[in-house]
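Quick notes on the structure that follows.
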Amino acid sequence: MLVVGGGSTGAGVVRDAAMRGFSAILLERGDLATGTTGRFHGLLHSGGRYAVKDPVAAVECVAENAILRRTAADCIEDTGGLFVTTKWDDPAFGDEFERGCRETGVPIEEIPVDEALRLEPRLDPTISRAFTVPDASLDPWKLVSGCARSAREHGARILPYHRVLELERRNGRVVGARVDNELTGEEVWIRAEVVVNAAGAWAGQIAELAGCKVTVLPGKGIMIAMNHRLVNTVVNRCKPPADGDIIVPIRTVSVIGTTDTRVADPDELEVTQQEIDEMLDEGEKLVPGFREARALRVWAGARPLFSAEDVSDTREVSRSHALLDHAERDGVEGLITITGGKTTTFRLMAEAAVDVVCARLGVDRPCRTHEEPLRGSEEGRFYWLGSRVQAREPVPRSEEIICECELITRDRLKAAMVTRPTTNLDDIRRMLRLGMGPCQGGFCIYRATGILHAYERLDSRAANASLLDFLQERWKGVHPILHGDQLRQASLDDWIFQGLLAVQHLPE
Amino acid sequence: MTYDVVVIGAGLAGLTAALRLAEEGLRVLVVAKGVGGTHLAPATIDVLGYADGRVESPARALPEFVAAHPEHPYRRVPVGLIRASLEWFAERLGGLGYRGGLEENVLLPTAVGVAKPTALVPRTMAAGDLRAGGRFVFVGLRGFKDFYPGYLAENVARSEVPGGASVSARALELGPPLGGEVDVSSAGLARRFEQAEFRDLVVRELEQRLAPGEIVGFPAVLGFRHAQEVWQELETRLRHPVFEVPTLPPSVGGIRVFESLTAALRRNGARVVVGSSVSGSEHRGKTLEGVVTQTAARPRMYRARSFVLASGGFASGGLQMDSYGRVRETAFDLPLAGLPAPDGQRFEPGYFDEQPIAGVGLAVDDALRPVDAAGAPAFENLHAAGATLAGATPWREASGNGISLATGYAAASAILERTS
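Residue numbers (the numbering used here), protein chains in the order written: chain A, 1 to 508; chain B, 509 to 928.
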């Protein structure tokens, strides 16, 4: 089986397939979880958000939330969630919300406003109602790399930086793919009995390679990471879902999201000043002072929204995602598309896709991903924000800290460079959260470059390129939101990189 | 009590203005929120490193540069005054042995190995000049994460030097005992280098590993108060030229400058109060009479006949931008120049592009007094200096310390002239 797309869906599919005994390969054009999965707000849905508008999706979220808490605990911080009615929200919606949750099985409890304010003292004190739900935050990189690792342990091959150029067809059947290794420029042919297109917002582009029309409308959502945990619980506005109505505390930051704008190309996601201002204004309604609080970074992700006109002939598992068997739909054998959906239900989507593959191949191999935990999650212990500090506390002076913001040691950095033989500092950033803290790499990126050069035997040309690429990539997420203390921090970073080091004059 | 001058800011610009005025017998007070850019910037004085390409001689390049940049702070400081400021600085900080000047930039390696032009160089860094070529060896210290000699050496060996002088470079690493520590800062190493036993271990480990004629580059951690003796001892005992390469903050070389300047200030009877930020002021008409500082205990008024604002730019908190893109000068809310249009772009998408926000700051008259759009001074007795001034892009130009020194010096001159 060939799986195309290294987001949560593809990683889930390849893991599920490998666990069911398929020989499977995952192809991803960039690094893992750099498309939509690595660009979401990090919310593990309780289902509350969909309880009124989309009960089917809500029911799925309830089940998957419980499963992931068992099987991927290490990727989850059990923050809990709140739905609060602010003075800008229709007070009548609370009852409708409560009813929707009861009907879809979302565990919900109304708590007194005083108690909500004790839990989250930064919340606007004029809120009129508050409900608790089992929302949580989910680390997308950890989740995807955990699935990929598990898949590898079950015999699968994971190939990041491999772009599909062509799907080969013979007698109306997809039999393999021509693939470009983006790092070496080498082209390879891979044969497969079945190809699962899990390319999310890019699924239309992949299907087209087999002559199939799949209309996926990318829906742009912007997110802003705020320095500090302005809240420690996921906080939702209690109203029909709209822009900027969720704040998710994740790791050392809190993320506000999101928007929903149709765009033509999932690779062209521009963030406008107006969108940023709207997001900050919405944040201000939940947490007074939000506008002028320190904002770290802004980014946009592309939701894969499966176009409704094609839904009539699909095996629609639910409204939340789409599973297309192109043999039935287009007369093209050997190709399955799984798209739509959300990270919370990625496992369910993967299960559904592999079930179809089993049916097509006439084998009966039951899914086990709802039972078997990922490495590190066996004991069901949730991730805890203090874990890196706790690990260091008994031996505070035993190791060099390369990234002070995220407590990354030299040994850990070296180990990451070995585990994932990459020379791309941005890949390392996602693996370790290197440079994701308040200083946005101001200090650690020079160090990481030096270590990469010393340890990986990278020549200075490649090290220079890696450093400059990182700075440009960082600037992309930083500059649209720069103000206040973060502008001050960025000025210090400029001082270091452009003044002290003069990296802009590095020899080529 | 009324001071003759209150200087706001303890970076290079503020300390320069303060010392010059104190030397002339004026009663001077420096108030600052914290230590300034000295602790971040290297100890070299870059006057103009890049204009259209690398600048070989600031003296020759400045007239054309100023003509092309009419809003630049150097526009307000004649070349003669810039030269005088460099000479004054080198003389006052005689202990640091500054050399060089406005005529020729030297090329010093940065910590990534870029050959960066700079005008005035402390003695401990001078042997790093790449212009004459040479065989360089860069020395790393195990447990010090802010210096990567291998990476640095490889870039240095590939750097372009005018006249095509031959530069070769290699790296080696020493592992002197760090007393059980595995993670030592530049300041921690500087303290160790002040100890004879530590130097002894470094010399003994290093001397066998040097080839004749090699020039030895250390990270800039060779001591604080006794840096000259440390450097001298290393040169003498190793029998090789030795120099320091500035690296990540805190800047040990910059701290030496700060300590030297504040010591000179104290000798000249000035007072330095760090830990107070200016939160308000009192004025009568166009005359500033006092500034209010916020300390832990209570607000406090400092009165003076003249004032120097040297609170820095965005990096130091002298300028601030809110989430609506509105920029404020934080001490007096002075009018600003160089602002991008209200709905215009604040930043360019390329990290190394010229950023519209970079030139924002105070426009000043020839006496370095902040002026409004019509050119009228905000106060007749308030002068400004350093990174708070409009019109410069110090990192692109390699001009930051030069602007601070020259305008700090010039602001003091203007006060002396006005009050004499």
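Where a beta carbon is used, it is the ideal one built from N, C-alpha and C, also for glycine.
Identified DSSP bridge partners for residue i
i	result
B:Tyr505	No statement about residue 505 of chain B is possible, as the shown extent of chain B runs from 509 to 928 and does not include it.
A:Asn227	A:Val253
B:Ser785	B:Gln802
A:Asp235	Sequence check: residue 235 of chain A is Val here, not Asp. DSSP lists A:Leu82, A:Ile247 as partners of A:Val235.
B:Thr626	B:Val614
B:Ala845	B:Gly869
Within-8 Å CB hit, residue i to chain A
i	result
B:Asn613	no
B:Leu638	no
B:Phe887	no
B:Phe855	yes
B:Thr618	yes
B:Arg484	Nothing can be reported for residue 484 of chain B: it is not among the residues displayed for chain B, which extend from 509 to 928.
B:Asp841	no
B:Val543	no
B:Leu548	yes
B:Glu662	yes
B:Ser928	no
B:Pro902	yes
B:Ala698	no
Cut-off 7 Å between Cβ atoms - residues of its own chain near residue i, not counting five sequence neighbours on either side
i	result
B:Pro853	In the sequence on display, residue 853 of chain B carries Gln and not Pro. So the list reads Pro864, once near-sequence residues are dropped.
B:Leu847	Val835, Val868
A:Gly499	none
A:Asp78	Ala136, Phe382
DSSP-derived helix/strand/coil call for residue i
i	result
A:Arg297	strand
A:Lys408	Residue identity check: residue 408 of chain A is Ile in the sequence provided, not Lys. In this structure, A:Ile408 counts as strand in the three-state DSSP scheme.
B:Arg699	helix
A:Pro218	strand
B:Asp637	coil
B:Arg854	coil
A:Trp495	helix
B:Met829	strand
A:Asn197	strand
B:His734	coil
B:Phe887	coil
A:Val4	strand
A:Cys403	strand
B:Val753	strand
A:Asp501	The amino acid at residue 501 of chain A is misidentified as Asp; the sequence shows Leu. Coil at A:Leu501, not helix or strand.
A:His453	helix
B:Ala619	coil
B:His748	coil
A:Glu333	strand
B:Phe573	helix
A:Ser128	coil
A:Arg388	helix
8 Å Cβ cutoff, residue i in contact with chain B
i	result
A:Thr344	no
A:Ser398	yes
A:Ile246	no
A:Thr449	yes
A:His512	The question about residue 512 of chain A has no answer here: the residues shown for chain A are numbered 1 through 508.
A:Gly437	no
A:Glu292	yes
A:Arg229	no
A:Gln504	yes
A:Ser46	no
A:Gly441	no
Neighbourhood of residue i by C-beta distance below 6 Å, restricted to the same chain and skipping five residues each side
i	result
A:Arg315	Its pLDDT being 38, under 50, A:Arg315 is placed unreliably in this model, and the value from its coordinates should be taken loosely. Same-chain partners within the cutoff: Leu323.
A:Pro107	Pro134
B:Ala920	Ala525, Arg528, Leu529
A:Val287	Arg122, Leu230
A:His45	Cys61, Thr344
Sequence-distant residues of its chain with Cβ nearer than 8 Å to residue i (five each side left out)
i	result
A:Val443	Reading off the sequence, residue 443 of chain A comes out as Phe, not Val. Correct list, in chain order: Cys403, Glu404, Ile496.
Note down, in chain order, all residues in the stretch 743-768 of chain B with a beta-carbon under 9 Å from any beta-carbon belonging to chain A.
Cβ contacts with chain A: Pro754, Thr755, Leu756, Pro757, Ser759.
Near-chain A residues of the stretch 550-571 of chain B (beta-carbon distance less than 9 Å), N- to C-terminal order:
Hits within the stretch, in order: Pro550, Asp554, Gly557, Tyr558, Arg562.
So if I threshold CB-CB distances at 7 Å, which residues from the stretch 273-301 of chain A count as touching chain B?
Answer in chain order: Leu280, Arg291, Glu292.
Residues of the stretch 671-691 of chain B whose Cβ lies closer than 8 Å to any Cβ of chain A, in chain order:
Of all residues in the stretch 671-691 of chain B, those with a C-beta nearer than 8 Å to a C-beta of chain A are Gly688, Glu689, Val690, Asp691, reading in chain order.
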